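For the sequence shown, the positions run 19 to 159 when my numbering is used.
The beta carbon of each residue, even a glycine, is placed where N, CA and C say it ideally should be.
As the structure is a prediction and not an experimental result, all values here were calculated from the model.
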Amino acid sequence: LLHFQSYRRLHQTDRLTLQSPFWTLSVLVLHLLLTNSCKGQSQLIGPLQSILAGVGDDIILPCYLQPALDVTTETLEWKRSDLKHIFIHVWRAGQDLIKEINPSYKGRTSLFINELKHGNISLKLSKVQRSDQGTYECDLP
């Protein structure tokens, strides 16, 4: 099972350090860290409750702006700072930048393109692997 837990982050100075309190062969722990959430009057929002999924499943890492703001032409970054190649998904100038993505995530991540105009920056992560454990950051740099 995959245990996904999110946290809100309102300002760059509120750096969160998250450690997994448990690990078993069948459990992964993911955290969502929202960065640069002071985009004008909007804030990046994530879920308040944990999300469970089995290894091999597809999951959605929720992230959206409230109030909604069209981010279709913005730069959006999903990343894991604990990886050598930190970017797991990059959207810039209206397109995915595949060359920027960590090789272990290529072909496994996607945004909901039609929802970007409504401020929905959620990421779909397909075929969850044990190596996906970590802290995920949704960022509007």
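Counting only runs of 3 or more residues that sit fully inside the region 52-136, the beta strand (DSSP E) segments are 61-63, 69-71, 77-79, 82-84, 94-97, 105-110 and 127-129, in chain order. Annotation for Lys-142: the continuous beta strand (DSSP E) segment containing it runs 141-143.
About 6 Å separates the beta carbon of Leu-141 from that of Thr-127, a gap short enough to meet the 8 Å contact definition. Excluding the 5 residues flanking it on each side, Val-108 has same chain C-beta neighbours closer than 6 Å at Glu-95, Leu-115 and Glu-118, in chain order. No Cβ-Cβ contact shorter than 9 Å links Ile-131 with Tyr-82. Rounded to whole angstroms, the Cβ separation of Gly-112 and Thr-90 is 6 Å, and the two are in contact under 8 Å. In this structure, the straight-line span from the alpha carbon of Leu-143 to that of Pro-80 is close to 11 Å. One alpha carbon belongs to Ile-104, the other to Asp-75, and they sit about 22 Å apart. Asn-120 sits close to Leu-101, with the two beta carbons spaced by under 9 Å. When Gly-72, Val-73, Pro-85 and Ile-78 are compared, the shortest CA-CA separation from Ile-63 is found for Pro-85.
Burial is judged here by how many other beta carbons sit within 10 angstroms of a residue's own beta carbon; Arg-148 has fewer than 16 and is exposed.
Taken atom to atom, the span from the alpha-carbon of Val-73 to that of Val-146 is near 5 Å.
In this structure, Gly-137 lies near Leu-87, with their beta-carbon atoms less than 9 Å apart.
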